[in-house]
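Participant:
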Amino acid sequence: VRQIMYGFGDDESPAPDSVELMEDMLNIYLQDLCDSVSKLCGGSKPKTSDFLHALRKDPKKLARAYELLLTDQDLKAAR
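The numbering used here applies: residue 6 is where the sequence shown begins, and numbers increase by one.
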């Protein structure tokens, strides 16, 4: 998280309490996302489409997810 914060313009060594706060916020977000996906897939193994569906109301995150999926396909094809 410290490196992500630095990548987004924070100090190279952010305050420990700031890092802890960001970690807590990230954990809460990921838990909420996983809970949404879990409800969508109804106990079966989650699929990529379940995660995309959970992100559908946030166009920025959804676009980034599609971008990362395309990059993953490109990397697999290059191997």
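The beta-carbon is built from N, C-alpha and C at its ideal position, and this holds for glycine as well.
Tell me the rounded alpha-carbon separation between residue 27 and residue 19.
Facilitator: Cα to Cα, the separation comes out at about 11 Å.
Participant: With a CB to CB cut of under 8 Å and the five nearest residues on each side skipped, what residues in its chain are close to residue 52?
Facilitator: If we look at residue 52 and ignore the five residues flanking it on each side, its Cβ neighbours are 46.
Participant: Would you tell me roughly how many angstroms separate the C-alpha atoms of residue 73 and residue 6, rounded to the nearest one?
Facilitator: One C-alpha to the other measures close to 19 Å.
Participant: Tell me which residues share the same chain as residue 15 and place their Cβ nearer than 8 Å to its Cβ, disregarding the 5 neighbours each side in the sequence.
Facilitator: Here the set comprises 23.
Participant: Could you spell out where the alpha helix (DSSP H) holding residue 73 opens and where it closes?
Facilitator: Where residue 73 is concerned, the enclosing alpha helix (DSSP H) stretches over 64 to 83.
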